[in-house]
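In what follows, a structure is listed as structure tokens, so that the remarks can point back to it.
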Amino acid sequence: MKTIPALLLITFLILPSSKIHSQAGWFALNSGTTAELSDVYFTDVNTGFVINEFGSFIWKTIDGGQTWTQYDMGALRHANTLFFTDSQTGWASGYNSTLVKTTNGG
Numbered sequence: 742m743k744t745i746p747a748l749l750l751i752t753f754l755i756l757p758s759s760k761i762h763s764q765a766g767w768f769a770l771n772s773g774t775t776a777e778l779s780d781v782y783f784t785d786v787n788t789g790f791v792i793n794e795f796g797s798f799i800w801k802t803i804d805g806g807q808t809w810t811q812y813d814m815g816a817l818r819h820a821n822t823l824f825f826t827d828s829q830t831g832w833a834s835g836y837n838s839t840l841v842k843t844t845n846g847g
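Read in order, the letters of the sequence shown correspond to residues 742 to 847 in my numbering.
Below is the structure:
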């Protein structure tokens, strides 16, 4: 009967430490904007894109998120989804059934 309290004690000691450990794997990066970002997609370890929901901009990184360059997406307003099939071909969609495509990596 003493094993049940011991197991409970061990469980309560291990669970909080594993939760803290998993959170330590995330850290903030500077996106270079104060805009609310709605989606992120990386085509490889270095090249990634983020979009903002309330504008028509996309940000691209080629150094794993250390720096970001902003581009105007023109016709796309209120972007909410971003997807790439390879490093060159990608789509972004927004409200009012707007869809844009890139075939040159953005």
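Backbone N, C-alpha and C fix where the C-beta goes; we use that ideal spot for every residue, glycine too.
Any idea what DSSP makes of residue i, helix, strand or coil?
i, result
"D813", "strand"
"N837", "coil"
"A765", "coil"
"T830", "coil"
"N821", "strand"
"T802", "strand"
"T844", "coil"
Going by C-alpha to C-alpha distance, which of the options sits closest to residue i?
i, options, result
"T830", "G766, T784, G796", "T784"
"N845", "G815, T839, D827", "D827"
"A776", "S797, V786, T788", "S797"
"N771", "T839, T810, G847", "T810"
"G835", "A769, T774, N793, T802", "N793"
"I799", "A769, L778, F768", "L778"
Is it true that the CB of residue j sits closer than 9 Å to the CB of residue i?
i, j, result
"V841", "A816", "yes"
"G847", "Y812", "yes"
### Message
Threshold first: 3 residues or longer. Then list the beta strand (DSSP E) segments lying entirely within the region 768-795, N to C.
### Response
778-783, 789-793
### Query
Are three or more beta carbon pairs between the region 822-840 and the region 800-813 nearer than 8 Å?
In short, these stretches do not touch, since the Cβ pair count stays below three.
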